[in-house]
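Engineer: Position 35 (the sequence shown) corresponds to 73 in this note's numbering; numbering is contiguous. We put the CB at the ideal spot given by N, CA and C, even for glycine. A quick note: this is a predicted structure, and the numbers were derived from the prediction, not measured. Mind having a look at this structure? Questions to follow.
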Amino acid sequence: MTLREELERREEAILSPFAARSAASKGRARPEPPCAMRPAFQHDRDRILYSKAFRRLKHKTQVFLAPTGDHYRTRLTHTLEVAQIARTMARALALNEDLTEAVALGHDLGHTPFGHAGEAQLNQLLPGGFRHYEQSLRVVDLLEKDGRGLNLTHEVRMGILHHSKGKGGFLCCQGDDELTLEARLVRCADVMAYVAHDTDDAIRGGVIDAQELPPAVVRTLGRKLGDQIDTMVRDLVGQTRAAGGANPCMSPAVEEAIWRLREFLYARVYDNMEVHHDFIKASKIIRELWERLSEDDEQYQRHVGALPPADQRARRTADYVAGMSDHYALRIYEKIFLPRPWAVM
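Below, the structure is given as structure tokens:
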């Protein structure tokens with residue numbers, strides 16, 4: 039018996055009846071020999087962790103544009119915090135931690151530079167639109183490893199594709215019957231992470247004051263970051279266990295508090311012109327980069343590579359721009375559009 043098979047038997051013995059089993063995975067698009075040491079979902083987790091797209095998250099905006107302060111969150115730290123919250127809940131509910139972590143680490147790989155401002159701009163420019171969750175799947179299926187992709191399991195791929203909930207509900211969404219419970223748990227962890235951590239960053243940045251948080255939110259979740267996360271996690275785990283463990287559940291009071299905090303963040307932070315002003319400039323950078331690379335053969339070949347067929351030009355340009363970090367987008371914009379002093383003496 040290989041170590042992988044031993045670990046798969048351990049999963050069968052200790053995991054919840056509602057947990058996904060590595061040995062029962064629907065498999066990969068391209069069949070490959072299984073690893074002798076790692077079950078399939080653990081192998082996927084490692085592939086995501088070592089991908090280039092994952093490393094680029096460290097310089098992609100979470101809330102504040104290209105922050106210079108050491109303690110503001112980036113897309114990478116947000117991803118790690120989602121993974122930590124999701125694994126805590128998965129362990130408490132006896133779910134598959136490797137699958138949970140793989141989905142969590144991969145869920146935001148398709149995010150553009152400059153956060154949702156970059157996504158909104160590409161959505162306007164690309165025929166057919168641009169959505170970061172679809173781009174995340176495109177990254178792992180096609181763009182990584184020079185076009186070969188990571189060849190992840192079906193369960194991880196679907197968790198990545200369906201992690202986003204926008205402004206809608208997060209406990210139950212259309213199509214959830216096709217998702218693992220682990221994937222649905224990551225969607226909940228994503229909301230928990232960003233409402234608490236974005237609030238923390240907004241307070242640190244002076245955009246809001248802690249005393250301004252809605253009183254109903256403070257009464258239910260607490261005022262401090264640690265209290266908020268602890269309350270949400272404990273509530274989901276407790277309510278889910280009490281309901282039998284088949285679906286993520288929360289008490290009405292805690293779910294309502296999360297909704298109120300999210301609405302508060304949209305009103306006071308995400309749509310705040312003090313924060314949003316620089317994102318208007320960032321949108322201009324994304325638009326002009328996309329337009330120039332879409333239309334200028336010389337610039338495309340210099341920065342992206344060999345010219346693709348005409349019907350693929352827009353899609354590949356979007357892939358390139360979406361993959362940029364904030365810093366890289368600013369550098370490329372400077373190279374293409376800003377004059378440089380003549381250096382010959």
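#1: Please list, in chain order, all residues of the same chain as arginine 300 whose beta carbon is under 7 Å from its beta carbon, the five residues on each side excluded.
#2: Helix, strand or coil: which one does DSSP assign to arginine 76?
#3: Please identify the residue among Ala57, Thr40, Gln337 whose C-alpha is closest to the C-alpha of glutamate 220.
#4: Indicate the three-state DSSP secondary structure (helix, strand or coil) for arginine 66 in the structure shown.
#5: For the structure I just gave you, are there three or more beta carbon pairs, one from the segment 320-329 and one from the segment 273-283, closer than 8 Å?
#6: Given lysine 98, which residues of its chain have a CB within under 7 Å of its CB, disregarding the five upstream and five downstream residues?
#7: Do the segment 46-65 and the segment 209-228 touch if we need at least three Cβ pairs shorter than 8 Å?
#8: Is it right to say arginine 340 is buried, meaning 16 or more other beta carbons lie within 10 angstroms of its own, or is it exposed?
#9: Would you kindly work out how many angstroms separate the C-alpha atoms of glutamate 333 and glutamate 157, rounded to a whole number?
#10: Using 8 Å as the threshold, is the C-beta distance between leucine 181 and isoleucine 86 below it?
#11: Quick check on threonine 99: does DSSP put it in helix, strand or coil?
#12: Is it buried or exposed, proline 77, if we count other Cβ atoms within 10 angstroms and call 16 or more buried?
#13: Cysteine 211 and proline 286 - do their beta-carbons sit closer together than 8 Å?
#14: Assuming contact is defined by CB atoms lying nearer than 8 Å, are alanine 360 and glutamine 173 in contact in what I supplied?
#15: With a threshold of 6 Å on Cβ separation, who are the neighbours of aspartate 136 within its own chain once the five nearest residues in sequence on each side are excluded?
#16: Got a sec? Which residues, its chain only, sit under 8 Å from valine 342 by beta carbon, not counting five neighbours each side?
#17: On a CA-only basis, which of Tyr371, Trp328, Met75, Asp215 is nearest proline 165? Give me that one, please.
#18: Using C-beta distances below 7 Å, list every residue in its chain close to lysine 96, excluding the 5 sequence neighbours before and after it, in chain order.
#19: I need the DSSP call for threonine 112, collapsed to helix, strand or coil.
#20: Please identify the residue among Val307, Leu259, Val120, Val275 whose C-alpha is closest to the C-alpha of isoleucine 296.
#21: Hey, out of Val177, Tyr171, Leu45, Met39, whose CA is closest to lysine 90's CA?
#22: When you compare each of Thr191, Asp146, Gly243 to arginine 169 by their alpha carbons, which one comes out closest?
#23: DSSP on threonine 191, reduced to helix/strand/coil?
#24: Unbroken beta strand (DSSP E) runs of length 3 or more, entirely within the segment 233-258: which are they?
#25: Is there at least one Cβ from chain B nearer than 8 Å to arginine 68's Cβ?
#26: Can you tell me whether alanine 281 is helix, strand or coil according to DSSP?
Structural biologist: Result, derived from the coordinates:
#1: For the purposes of this step, residue 300 is taken as the residue at position 262 of the sequence shown. Counting only Cβ-Cβ distances below 7 Å, and skipping sequence neighbours, we find Val233.
#2: Counting from one through the sequence shown, the residue named residue 76 turns up at place 38. Residue state, collapsed to three classes: coil.
#3: Taking the sequence shown and counting its residues from 1, one reaches residue 220 at position 182. Sorting Ala57, Thr40, Gln337 by C-alpha distance to the C-alpha of glutamate 220 places Ala57 at the top.
#4: Here residue 66 corresponds to residue number 28 of the sequence shown, with the count starting at 1. Arginine 66: strand per DSSP, three-state reduction.
#5: Touching, no.
#6: Position 60 of the sequence shown, counting from 1, holds the residue named residue 98. Cβ neighbours of lysine 98 within its own chain (closer than 7 Å, five residues either side excluded): Thr112, Arg113, His149, Pro151, Ser363, Asp364.
#7: Touching, yes, given that three or more Cβ pairs across the two stretches are closer than 8 Å.
#8: Counted from its first residue, the sequence shown places residue 340 at position 302. The residue is exposed, with fewer than 16 neighbouring Cβ atoms inside 10 Å.
#9: Position 295 of the sequence shown holds residue 333. Position 119 of the sequence shown holds residue 157. Cα to Cα, glutamate 333 sits roughly 20 Å from glutamate 157.
#10: In the sequence shown, residue 181 corresponds to position 143, counting from 1. In the sequence shown, residue 86 corresponds to position 48, counting from 1. At the C-beta level, leucine 181 and isoleucine 86 stay beyond 8 Å of one another.
#11: What you label residue 99 is simply residue 61 of the sequence shown in a count that begins at 1. Correct three-state label for threonine 99: strand.
#12: Stepping through the sequence shown from its first residue, residue 77 is reached at position 39. Taking all protein chains in view, the Cβ of proline 77 is crowded by 16 or more other Cβ atoms within 10 Å, so the residue is classified as buried.
#13: Counting from 1 along the sequence shown, the entry for residue 286 is found at position 248. Counting from 1 along the sequence shown, the entry for residue 211 is found at position 173. In this structure, cysteine 211 does not lie closer than 8 Å to proline 286 by Cβ.
#14: The residue given as residue 360 occupies position 322 in the sequence shown. The residue given as residue 173 occupies position 135 in the sequence shown. Yes, Cβ-Cβ distance for alanine 360 and glutamine 173 is below 8 Å.
#15: Taking the sequence shown and counting its residues from 1, the one referred to as residue 136 is at position 98. Same-chain partners within the cutoff: Phe79, Gln80, Arg83.
#16: Within the sequence shown, numbered from 1, the residue matching residue 342 stands at position 304. Taking C-beta separations shorter than 8 Å and ignoring five residues to either side along the sequence, the partners of valine 342 in its chain run Leu331, Arg354, Thr355, Tyr358, following chain order.
#17: By 1-based counting over the sequence shown, the position of residue 165 is 127. Comparing Cα positions, the closest option is Trp328.
#18: Within the sequence shown, numbered from 1, the residue matching residue 96 stands at position 58. Taking lysine 96 as the centre and dropping the five residues before and after it, the same chain places the C-beta of Thr112, Leu114 closer than 7 Å to its C-beta, in chain order.
#19: Locating residue 112 in the sequence shown gives position 74, counting from the first residue. DSSP, read as helix, strand or coil, puts threonine 112 in strand.
#20: For the purposes of this step, residue 296 is taken as the residue at position 258 of the sequence shown. Selected option, being the one with the closest Cα: Leu259.
#21: In the sequence shown, residue 90 corresponds to position 52, counting from 1. In terms of CA proximity to lysine 90, Val177 leads the group Val177, Tyr171, Leu45, Met39.
#22: Start at 1 with the first residue of the sequence shown, and residue 169 comes out as number 131. Nearest to arginine 169 by alpha-carbon distance, out of Thr191, Asp146, Gly243, is Asp146.
#23: Indexing the sequence shown from 1 puts residue 191 at position 153. Residue state, collapsed to three classes: strand.
#24: DSSP runs (the beta strand (DSSP E)) wholly in the segment 233-258: none.
#25: Within the model displayed, chain B is absent; a lone protein chain is all it includes.
#26: The count along the sequence shown starts at 1 and reaches residue 281 at position 243. Correct three-state label for alanine 281: coil.
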